[in-house]
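Here is the structure we will look at.
Protein chains: 2
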Amino acid sequence: MTTNRRKPAGRPATLPDVAREAGVSRSTASRALAGYGSVSPDARERVRAAAEKLGYRANQLARSMITGRTHTLGAIVADIQNPFFAGVTRGITDAARAAGYQVLLANTDEDVAAERAAVKMLRDKHVDGLIVAPAATTETAHLAAAHAAGCPVVLLDRQAPGLPADSVTVDNHGAAQDAVRRLLAAGHRRIALVSLLGTAPVDGAGAASSDPVSTGLERIEGYRTALREAGLTDTDTYLRTGTFHREDPADLTAELLSLPEPPTAVFATDSMIALGVLSAARDHGLRVPEHLSVVTFDDTDWARAVRPRISVVAQPVQELGARAVHSLITRIEGTAHAPEHIVLDTEFIERESIAPPRSGT
Amino acid sequence: MTTNRRKPAGRPATLPDVAREAGVSRSTASRALAGYGSVSPDARERVRAAAEKLGYRANQLARSMITGRTHTLGAIVADIQNPFFAGVTRGITDAARAAGYQVLLANTDEDVAAERAAVKMLRDKHVDGLIVAPAATTETAHLAAAHAAGCPVVLLDRQAPGLPADSVTVDNHGAAQDAVRRLLAAGHRRIALVSLLGTAPVDGAGAASSDPVSTGLERIEGYRTALREAGLTDTDTYLRTGTFHREDPADLTAELLSLPEPPTAVFATDSMIALGVLSAARDHGLRVPEHLSVVTFDDTDWARAVRPRISVVAQPVQELGARAVHSLITRIEGTAHAPEHIVLDTEFIERESIAPPRSGT
DNA sequence: GCCGGCATTGAGAACGTTCTCACTCGCGGT
DNA sequence: ACCGCGAGTGAGAACGTTCTCAATGCCGGC
Chain A
844 MTTNRRKPAG RPATLPDVAR EAGVSRSTAS RALAGYGSVS PDARERVRAA
894 AEKLGYRANQ LARSMITGRT HTLGAIVADI QNPFFAGVTR GITDAARAAG
944 YQVLLANTDE DVAAERAAVK MLRDKHVDGL IVAPAATTET AHLAAAHAAG
994 CPVVLLDRQA PGLPADSVTV DNHGAAQDAV RRLLAAGHRR IALVSLLGTA
1044 PVDGAGAASS DPVSTGLERI EGYRTALREA GLTDTDTYLR TGTFHREDPA
1094 DLTAELLSLP EPPTAVFATD SMIALGVLSA ARDHGLRVPE HLSVVTFDDT
1144 DWARAVRPRI SVVAQPVQEL GARAVHSLIT RIEGTAHAPE HIVLDTEFIE
1194 RESIAPPRSG T
Chain B
844 MTTNRRKPAG RPATLPDVAR EAGVSRSTAS RALAGYGSVS PDARERVRAA
894 AEKLGYRANQ LARSMITGRT HTLGAIVADI QNPFFAGVTR GITDAARAAG
944 YQVLLANTDE DVAAERAAVK MLRDKHVDGL IVAPAATTET AHLAAAHAAG
994 CPVVLLDRQA PGLPADSVTV DNHGAAQDAV RRLLAAGHRR IALVSLLGTA
1044 PVDGAGAASS DPVSTGLERI EGYRTALREA GLTDTDTYLR TGTFHREDPA
1094 DLTAELLSLP EPPTAVFATD SMIALGVLSA ARDHGLRVPE HLSVVTFDDT
1144 DWARAVRPRI SVVAQPVQEL GARAVHSLIT RIEGTAHAPE HIVLDTEFIE
1194 RESIAPPRSG T
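One line per chain: the protein sequences are A and B, in this order.
Residues in the first sequence are numbered from 844 upward in steps of one, following our numbering.
Residues in the second sequence are numbered from 844 upward in steps of one, following our numbering.
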C-alpha cells in the first residue's frame, strides 16, 4: 500500500520539489514563499499548498550562501558556569531568539588564545556578528579584524580602548565606590577588596597579571576612590588580587584574616569570589556580619537564601545580554554609525551582611 | 603606493582566488587544502603558500552544502541559569570544541512548545545532531521525527520511553533512595520531599502537571522506596510537588513547616529548590541542621561555602554533557547501532546539614 | 614500439537557494 | 492600430565549495 512514494520522502523536499508540485518555476515558488516580487494569488496559493503538503522547509544554509546572512550570532564568554555569565547568556539567547537569531556559544576561560580560536571558528561559520566579553584589554587584533571585515562586534561587560565597537557595560567604578561607601558608613576603616584578574602571564615574569580586564580594574579604582574620599590614603593595604586558575579567593582572604590587624569588612568583586570569602571566614571561625561584613558584586540566587542574606551590587545580567543583542542587530541590519557605549544601572541591595565593626578601629 | 590591490581584499579570498594565485585549478587547490586525492608536492606547496598569502579561510557554509555536515550540534536545555544546566552546557561546549564541533544553544523553560520551535530552527540550520533535555516525556514526536530524518538525538538527564535515542543520565532512583536513607539513618521519620515538576497544564484541568519529566519522578520513587524500606507506609504525607513558574519551592516548604507535625528533614530535588527550602526555614526561624536537616541534589558552588555546608547528591554535570556529545558524535560519524543508555554515578557528599531530629518523632 | 596502469590534473556538475533579467501577456490611452 | 506599462512568469547565473569523471602524460613491462 505504500507504493506511492512521493511524500514519504527519502530526502527532505526542496524548492524544485515544491515548484513541480505546484506547477510553477523555482523562481515563482521562491517569490511566493519569501513574499517578494509579484505572484498571482492563484500561484501563491498553489505554492503554499504544495509546500505544506510536502512539509517543505527552506534550507537556511543555501539561503545564507546567497544572502550572506546566517541569522546566527556568536557569543564568547569567559565561563558559562559563572552565574553572571549564565544570566548574561540567558539574556542573549532569549533576545536573539525573539529577533529571529540563533546563538553559537563559546567559552574562553579568560584565555586570549581560546578567544582567538573561537573568533576564527565562528567567523568560518559566518556568524552575522559577535558578542564578546574580551579576555584581555589590549590583545584585540582578532576582534578589530572581524569588525573591519564586516562582522560587527559588541563588547559585553568589558571595554577595550582601541576597538571601535559598541559596548554594553555597567558603571563599575561608581557601583564599587557606592558599595565601599556603605561599608565606610557602617563605621569600617579596614576594608579589604578581593579580586581575580586576568590570566597567568605567559612569560614567568611577574607578580601581577599581564593584561587585566577593564571590569576588575574599574572596580578596584572605585574602591580606592571611596577609601580616599574617607581620608584613607593607604588604599592598597587590604587590596588582594589574584590570577584566574592560579590563586584561590579563599586563600587570599585567609591571608587577609591572618593579618595582625585584619580587615573588618570585605568587598568581593564577584559572586564566586564572595563564596571564597565566606568560606575563609567560616574556616577562621568568623561570623558574618558580627565579625566580618561582606559585600559583593552580583546578586546570585544564593545571596538571598543563605543566612545571613548577603548585601550585593546587583547587575542587570539578562538586560546586559539583551541590550548587547539589540546593539549588534541594529548594526548588522542598519547602516554604519559611530560606536555607542551603553552603560546600565546597577542596584545596591541591602540585606544582612553588613554590620558595624566589632570593637574600635 | 597602494595601487596593487590584490591582497587588501574587499572581500575575503575564495578558493578560485587561491587557485589563480597558485596557478592551478580549483579542483587541485581544493584537494591540496583538504588533503584528499593526489596532488604533486610542488602544487601542494604552491597552493599552501597562496592560501597563506591571501589569508584564505574555507567558507564552511559552502562546504556544508556539499558534504551535508555542518559540524554544529544543537543543545536544548531547560534553563541555562540553573547551575545544573550551566555545568552540563559547559561540558557540552568543551567536549564539542575538542571534537571540532560548535554548539547552538536554546532554552526551553520546560516548555514543550518552545522545545518544538527550537528543534525546528536548529534543524533548519542543519545541525548534525541534537542534545536535548526534553521538557516532556510523552510529547516527543518532534524528536522522533528529527531522529528518523537522520538528525540523531541524544537525551540528556531525562528519559523518553518511546524514543529510540541514546541517553545519558544518572541513577536518580538510587541516588534519591541513598540520600533519604542517610536521613533515616540519622533518626528522621518525618522526611519531606520538595520538587517542581513539568509545566502548567494547558487546559485548566488539573492539580498535577500533565506530563512530568522522568528525572523528578524517579527521584520521588527513590524517596518512596527508601521510606517504605524503613517501614513508613504513608509515603506521601510530606511529599510536595509544584509546577514550574507557578509554585515557589519556598511556599511549598513554608506550608510543610506550618503543619501540626512538621517534617524534621527535607530532601530537595535540585539546588534551586534547596534555596527555597533554606529560605523558608530561615523565615520560620528554624536553624539548619539543629531544627531541620536538609539534603539536595546538585553540588553547586554555594553548597560548600554557606554555613552550614550542605550535604548533597553530586551529579557529574560536566561529564554528563561531555558523554552526551561523544554519544552524539559517534552516532553522527559512525554506523547505525542500537540506542545506548549511559548511566553515570552520583556521589553523596556528606557535609554539615544533617543532624538527628531535635526531640522525639 | 605498444599497452596497461598510475599519478596528476582540470572541466563541470552538484548542493538549494536568491536574484537579475528578459519575455509574454492584457489593457488602456492616443 | 499602435504604443507603453505593469503584472506575472521562467531561464539562468550566482554563492563557494566538493566530488565525479575523463583526459593527459609518463613509466615500465613485454
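Cβ coordinates follow ideal geometry from the N, Cα and C atoms, glycine included.
Taking CB atoms only, A:Q903 has a neighbour in chain B less than 9 Å away. For B:I923, the residues of chain A that pass the 8 Å Cβ criterion are I923, A929, T932, R933, T936, in the order they occur in the chain.
Contact with chain B is found for A:V1149, since one of that chain's Cβ atoms lies less than 9 Å from the residue's Cβ.
Sequence-distant Cβ neighbours of B:E1133 in its own chain, meaning closer than 8 Å and more than five residues away, are A1198, R1201. Contact of A:A872 with chain B is not assigned, every C-beta pair being separated by 9 Å or more.
B:P1007 counts as exposed, since fewer than 16 other beta carbons sit within 10 angstroms of its beta carbon.
The beta-carbon separation of A:I1185 and A:S1170, rounded to 7 Å, stays under the 8 Å limit for a contact. By the rule that beta-carbons nearer than 9 Å mark a contact, A:S1122 touches chain B.
For B:H969, the chain A residues whose Cβ falls inside 9 Å of its Cβ are N902, Q903, L904, in order along the chain. In the three-state DSSP reduction, A:E1104 falls in the coil class, being neither helix nor strand. Only residues of its own chain outside the window of five on either side were considered, and among them V1037, R1083, G1085 have a CB closer than 6 Å to the CB of A:L1095, listed in chain order.
Residue pairing by DSSP leaves A:H1088 without any beta bridge partner.
Across the set A:T1112, A:A1018, A:L1099, the C-alpha of A:T1112 shows the shortest separation from the C-alpha of A:L1040. Per DSSP, the unbroken alpha helix (DSSP H) holding A:E888 starts and ends at 884-897. Where A:G917 is concerned, the enclosing beta strand (DSSP E) starts and stops at 915-920.
If you ignore the 5 residues before and after B:E888, its C-beta comes within less than 7 Å of no other C-beta in its own chain. In this structure, A:E1193 and A:S1154 form a Cβ contact; the two beta carbons are roughly 5 Å apart against a cut-off of 8 Å.
The beta carbon of B:A929 sits closer than 7 Å to those of I923, all from its chain and outside the five residues before and after it, given in chain order. Nearest in C-alpha terms to B:D952, of all of B:S1122, B:R1150, B:T1173, B:V975, is B:V975. Setting aside the 5 residues that flank it on each side, A:V1168 is surrounded in the same chain by I935, A938, A939, each with a C-beta closer than 6 Å to its C-beta; the list follows chain order. Taking a Cβ-Cβ threshold of 7 Å, the residues of chain B close to A:R1125 are R1150, in chain order. Listed in chain order, the beta strand (DSSP E) runs fully inside the stretch 1095-1140 of chain B are 1108-1111, 1136-1140, counting runs of at least 3 residues.
Put simply, of B:A1124, B:I1172, B:V1160 the residue whose alpha carbon is nearest the alpha carbon of B:D1141 is B:V1160. Note on the stretch 965-1033 of chain A: whole alpha helix (DSSP H) runs with a minimum of 4 residues are 984-991, 1015-1028, in chain order.
DSSP places B:V1037 within a strand segment (E or B) once states are collapsed to three. Nearest CB-CB separation between A:A1198 and chain B: not below the 9 Å threshold.
Taking 9 Å as the threshold, the shortest C-beta distance from A:T1086 to chain B does not fall below it. Proximity of A:A1018 to chain B, defined by a Cβ-Cβ separation below 9 Å, is not satisfied.
From the listed residues B:G917, B:R1062, B:A872, the smallest Cα separation to B:A901 is found for B:A872. Neighbours of A:S907 in chain B, taken as residues at a C-beta separation under 7 Å, are given in chain order as L904. Under the three-state reduction of DSSP, A:E1183 is assigned to coil, being neither helix nor strand. Interface with chain B (9 Å Cβ-Cβ cutoff): A:D1091 is excluded. Among the residues of chain A, those whose CB is under 7 Å from the CB of B:Q945 are L947, M964, K968, following chain order.
Using a CB distance cut-off of 9 Å, A:R887 does not count as an interface residue toward chain B.
In the three-state scheme derived from DSSP, where H, G and I count as helix and E and B as strand, B:Q1158 is classed as coil.
Here B:R1083 is bridged, per DSSP, to B:V1037.
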